[in-house]
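Here is the structure we will look at.
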Amino acid sequence: MVPTLSSAGILAALRLVREGVVYDLARVRFPGMPLPVMHPQLVVLPYRTPHGLRSEPSSVWPSGEANTVDVTFTSDVVTASMHTGAHIDAAGHVAVGTPASWYGGDELTGLGDFGLLASDGSQLTPMVSRGVLIDVAAYRNEDVLPKGYGITREDLEQTLRSEGVSLSAGDVVLLRTGYGRVWPHRDLIEQHSGSGITLEAAEWLIAQGIAGIGADTEGIEQLPSAVPGNPHPVHTALLRERGMPMIEMLALEQLAEDRRYEFLLIVAPVKIRGASAAMVDPIAIV
């Protein structure tokens, strides 16, 4: 089971705030942004515009309503995967077997015409916790970790030691690979994609009692996988087996530059019933 932060733990996390400095941990989302091939592109379409309202006023304003000051507005339609930009994977995101089964559900009983019926994005809860930045790229003296680099348990332990930070039960760990330095430049992304934790490193973090994990990459784990027969062993171990929150595509460059290794972390998911993830715009406060 995933540890949950107690009231005492939340109060302890709040006491980490000493300076009142806020770090935005989400990048801007935009049409055409790089996304993994399994997710649809973000599209923003105008739905109402000042020109349209003047052309077809009866489509919005009640018949006969006066608009002598020429009030107009804009609205839009946005279509996107909930895995666009910073987001938390829901426990139902990864399944194994035929029929497919995931943490708390399976495709025979937990999947309907409008998405997941169990372990979906609406079940994700806000996270208020101590966040710990493990800046592996800086420890290894790399701007960006090499393509497909597997972050080991030893990498994690030595990085924490160099930062002078230790993990506690209920922490949310944020891993920095330096990927934020090359995103969204597609040619550079291709040269540095796939760095992330190995299954051994993930199991070590689990043993520390962490409540969640995040990274500045699309996948958190090493890709391609080094585990024969399982293309996503870390997702399987964390999501499918434990239902542990996984936060992907975080903006960690400013935290790293300022060497902020522990902080109050606040993550509020956009709850949509049936979704396999929830977009988030997390903040760190020191």
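Residue numbers (this note's numbering): 17 to 302.
Don't be surprised by glycine CBs; every beta carbon is placed ideally from N, CA and C.
Note that the coordinates shown come from a computational prediction; the quantities given were computed from them, not determined experimentally.
With H, G and I counted as helix, E and B as strand and the rest as coil, what does DSSP make of residue i?
i: Leu254; result: helix
i: Tyr277; result: coil
i: Ser71; result: helix
i: Ala267; result: coil
i: Ile167; result: strand
i: Val110; result: coil
i: Leu149; result: strand
i: Gly128; result: strand
i: Ala24; result: helix
i: Glu237; result: strand
i: Ala242; result: coil
i: Ala29; result: helix
i: Ala294; result: strand
i: Ala42; result: strand
i: Leu176; result: helix
i: Gly36; result: coil
i: Gly135; result: In the sequence under discussion, the amino acid at residue 135 is Ser, which differs from the Gly named in the question. The answer is coil: DSSP assigns Ser135 none of H, G, I, E or B.
i: Pro50; result: coil
i: Pro249; result: helix
i: Ala272; result: helix
i: Ala82; result: coil
Return the bridge partner residues of residue i from the DSSP annotation.
i: Ser91; result: Arg64
i: Ile282; result: Val144, Ile299
i: Met262; result: Asp105, Ile229
i: Asp122; result: Ser117
i: Val59; result: Thr95
For residue i, is the classification buried or exposed, using 16 other Cβ atoms within 10 angstroms of its Cβ as the cut-off for buried?
i: Phe130; result: exposed
i: Gly48; result: exposed
i: Leu124; result: exposed
i: Thr233; result: buried
i: His208; result: buried
i: Met265; result: buried
i: Asp171; result: buried
i: Pro249; result: buried
i: Asp274; result: exposed
i: Thr114; result: exposed
i: Ala267; result: buried
i: Asp136; result: buried
i: Ala231; result: buried
What's the gap between the Cα of residue i and the Cα of residue j?
i: Glu158; j: Val243; result: 25 Å
i: Glu237; j: Ser23; result: 31 Å
i: Ala96; j: Leu61; result: 11 Å
i: Leu280; j: Gly147; result: 6 Å
i: Met260; j: Val160; result: 26 Å
i: Asp122; j: Gln139; result: 16 Å
i: Ile104; j: Glu35; result: 28 Å
i: Ala102; j: Glu81; result: 43 Å
i: Met98; j: Ser71; result: 34 Å
i: Ile167; j: Tyr63; result: 45 Å
i: Pro56; j: Ala293; result: 14 Å
i: Tyr119; j: Ala153; result: 32 Å
i: Tyr39; j: Glu257; result: 32 Å
i: Leu32; j: Val144; result: 12 Å
i: Arg43; j: Leu271; result: 13 Å
i: Thr315; j: Ala284; result: Nothing about residue 315 can be read from this structure; the chain reaches only from 17 to 302.
i: Asn246; j: Met54; result: 17 Å
i: Gly210; j: Met262; result: 16 Å
i: Ile26; j: Ile288; result: 25 Å
i: Gln224; j: Val188; result: 11 Å
i: Leu21; j: Ala253; result: 21 Å
Examine the ligand ADP and report whether any of its heavy atoms sits within less than 7 Å of the Cβ of residue i.
i: Glu123; result: As far as ligands go, the structure on display features none, and thus does not contain the ligand ADP.
Notebook entry, point to check: Which parts of the segment 180-230 are runs of the alpha helix (DSSP H), unbroken and 4 residues or longer, counting only runs that do not cross its ends?
Noted result: 202-208, 215-223
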